[in-house]
Structures are given as structure tokens and as C-alpha cells.
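Sequential numbering from 145 applies to the sequence shown in the working numbering. Using N, Cα and C, we set each Cβ at its ideal position, and we do this for glycine too.
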Amino acid sequence: MHCFANTFQPRGVRVSSKNSAWKRVFFSTAALCFLLLFLGSCGSLPGESQQSGSRSLVIQQPPKARLTYVAIGASDTFGIGADDPETQNWPSDLAMLLGPGTHLINLGIPGVVLHQALDAEVPVAIDVHPNLITVWLAVNDLGNDVPINSYARDLDLLLSRLQRGAPQARIVIANIPDLRLVPYFSYIDSQILYARVQSYNAVIAAAVKRHHVILIDLFSRWQELRQHPEYLSGDGFHPSTLGYAKLAELFYQTLKSSPSP
145 MHCFANTFQP RGVRVSSKNS AWKRVFFSTA ALCFLLLFLG SCGSLPGESQ QSGSRSLVIQ
205 QPPKARLTYV AIGASDTFGI GADDPETQNW PSDLAMLLGP GTHLINLGIP GVVLHQALDA
265 EVPVAIDVHP NLITVWLAVN DLGNDVPINS YARDLDLLLS RLQRGAPQAR IVIANIPDLR
325 LVPYFSYIDS QILYARVQSY NAVIAAAVKR HHVILIDLFS RWQELRQHPE YLSGDGFHPS
385 TLGYAKLAEL FYQTLKSSPS P
């Protein structure tokens, strides 16, 4: 319980005219002592500190974000499949790994393809002046049979806009994991599926090289899906809460091992 000194008003003391001057001094001194005792009994207020026996008010400024991180993506960036998509998506997990002071703006839109993200997500990402941008947009394009040439053109445009609009940001892009390990895609012949994944990943690899951004090679690094079916949610397509945590670790490990600009 905190006491606020400026709300305490000592009551006035009425005295007779006899020896009034002395009594005014006496009661004024008594009132002052009472006030000092009252203040001494109060606990320290938030933001107060004592130095050299005196009480001084310290005004604390709200902490500034050390790192502004924007996640561009679709439903797997949004967090579909997690127990709590709002807090258990992989960008949120990655932000926690990046440490205190990381401010996350998750722009993931379920169902979006890369071409749509050019207008729906990229302008917002640029406006917040991020230090870090992750991009994971390919699986919906593959699933919707977006022509590979159109995807390549849009990816080049997306990266160009981000680099021009946010030159200070590190940009990380993830490729497509091995969808042969994802039950949802079992209706597609495995050889055909493999070839389609490889064609998209080749486009992503070329864009990474051309734009000098960081690649998260999920195709190679998430082969453990074979041994860990629990990394996928019940729909057989989106990651689970555990899977999102693992994805965040993969992104974090790649960021740590990549030189800063």
C-alpha cells in the first residue's frame, strides 16, 4: 500500500490569544513532526529511489524496441495449427529467442500467395522501418499451381521493394520443406511433387543469390519431419505448436550463423 504525501493536508489548530505566538510555534512544530513521521511510514513509490538519505523521483522512459521484426507470410506464419495461433506461431517463438526488446509485427495472412502479399503485406512491412524481415511464401503458390515464371517475377519484385524501402533490414527467406513428408500432399505423385518443390526452391535459391539475402533451407533442415509426425497439426498440413517452436529454432540458428551486414 502506497501513501501519497501531496494528498495529506494537516488540519488547522485554533489557539487562544494568550501566549498565541508561542503556541503557534509549538503546534506548527508538532504538525511538521507529524508530517515527517507520516512520510517516513510510507513505502517507496514506483520509480522512486533513495540516494544519500534523500528521496528523489526517477522518471522511467518506456523501453524502446531493440529490434523491430516483421514476418511476411501466409497461414503457417499466422499460426494456423497451433493450440493458440496468436501466441504460438513460429514468428512469436523466434521473437522470444531474439530476446527482450524485440517488437514483432506478424503480417501472416491465411491463404495468401506471393503476388497478393506484394500489396497486402510489403507496404506495411516497409512502413514500420524493420531491422529484420522474414519471408515464407511459396507453399500456397505451389498448391494453387502458380506458374513458376510468375512466382519468380513476383519474388524478385518483393525482395527489390523490401530492399529499397527498408535498406537497414536483414532479410531472411525460407524455401519449401519436403512436402512428401506432409500427409496433406499424399494425393500427388511423390516424384511429381518432388520436382515441383525443387523448381520453386531453385527460384528461391537464385533470388537469394541475386539479392544477397539469407536462406533458411527448410527442405534440408526439416527432414526430421519423418521421425517427428508430432511436428504437424491434426490437419496434416500446418505445423503444430511443437512444430512451430522447432521452426523458430531453425530460423534462429540460421540467423546466428549468418554474418550481420
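- Message: Using a Cβ-Cβ cutoff of less than 7 Å, which residues in the same chain neighbour residue 385 once the five nearest sequence positions on both sides are dropped?
- Response: 226, 227 and 232
- Mind checking residue 279: buried by the 16 CB within 10 Å criterion, or exposed? buried
- Taking residue 369 and residue 320 to be in contact with their CB atoms under 8 Å, please state how far apart those CB atoms are, rounded to whole angstroms. Not really, about 12 Å apart at Cβ, beyond 8 Å.
- If we ignore side chains and look at the alpha-carbon of each, how far apart do residue 302 and residue 334 end up? Residue 302 and residue 334: Cα-Cα distance of roughly 30 Å.
- Through-space distance from residue 313 to residue 293, alpha-carbon basis: 27 Å
- Task: Identify whether residue 372 lies in helix, strand or coil by the three-state DSSP scheme.
- Result: coil
- Message: Relative to the C-alpha of residue 309, which candidate in 344, 298, 281 and 273 has its C-alpha closest?
- Response: Out of 344, 298, 281 and 273, 273 has the C-alpha closest to the C-alpha of residue 309.
- Task: Quick one: which unbroken beta strand (DSSP E) runs of 3-plus residues sit fully inside the stretch 282–332? Chain order, please.
- Result: Along the length of the stretch 282–332, whole beta strand (DSSP E) runs at least 3 residues long occupy 314–318, reported in chain order.
- Write down the C-beta distance between residue 269 and residue 214 rounded to the nearest angstrom, noting that I regard them as a contact closer than 8 Å. 4 Å
- Inspect the beta-carbon positions of residue 326 and residue 380 and report whether they are closer than 8 Å. In this structure, residue 380 lies closer than 8 Å to residue 326 by Cβ.
- Task: Measure the CB-CB distance between residue 315 and residue 306 and report whether it falls below 8 Å.
- Result: yes
- Message: residue 247 and residue 276 - do their beta-carbons sit closer together than 8 Å?
- Response: no
- Task: Determine the direct distance from the alpha carbon of residue 382 to that of residue 330, and round the result to whole angstroms.
- Result: 14 Å
- Task: Measure the CB-CB distance between residue 299 and residue 348 and report whether it falls below 8 Å.
- Result: In this structure, the beta-carbon distance from residue 299 to residue 348 falls below 8 Å.
- Could you pull the start and end residues of the alpha helix (DSSP H) that residue 266 belongs to? 266–271
- Message: Between residue 391 and chain D, is any beta-carbon pair separated by less than 8 Å?
- Response: Looking for chain D here will not work: only one protein chain is present.
- Per-residue DSSP class, three states only, for residue 383: It is a strand residue.
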